[in-house]
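S.K.: This is the structure I want to talk about, given as structure tokens.
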Amino acid sequence: MGKVRPDHIKEISRKLAERFPEKFTSDFDHNKKMVNELTNVTSSKIRNRVAGYIVRLMKSTSNKKSDFEY
12 MGKVRPDHIK EISRKLAERF PEKFTSDFDH NKKMVNELTN VTSSKIRNRV AGYIVRLMKS
72 TSNKKSDFEY
């Protein structure tokens, strides 16, 4: 079984994705740089987890958009 993300990682990720949707993509390295610029997270482990969850959010929103486009 996989690991479950803590709620604080999900909360930070959702807030960043809602506030700055144009700055994030489904590219992990790009999101990692953006999280570093937009937050004061000092731990690279937390920064990477936030960036990874944002990738997941961006992929799910792009899948939802493509479902409605014909």
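Per the working numbering, residue 12 is the first one in the sequence shown, and the count goes up by one each step.
For every residue, glycine included, the Cβ atom is placed at its ideal position computed from N, Cα and C.
1) Between which two residues does the alpha helix (DSSP H) carrying F39 extend?
2) Spatial neighbours of G63 within its chain, please: CB distance less than 7 angstroms, with the 5 preceding and 5 following residues excluded, ordered by chain position.
3) From the DSSP output, in three-state form, read off G13 for me.
4) Which same chain residues, not among the five before or five after K70, have their C-beta less than 7 angstroms away from its C-beta?
5) Give the DSSP-derived three-state secondary structure of S54 in the structure shown.
M.R.: Checking against the coordinates, here is how it stands:
1) F39 to L49 is the extent of the alpha helix (DSSP H) around F39.
2) Correct list, in chain order: F39.
3) G13 falls in the coil class under three-state DSSP.
4) Residues S37 of the same chain have their beta carbon placed closer than 7 angstroms to that of K70, with the five preceding and five following residues left out of the count.
5) Correct three-state label for S54: coil.
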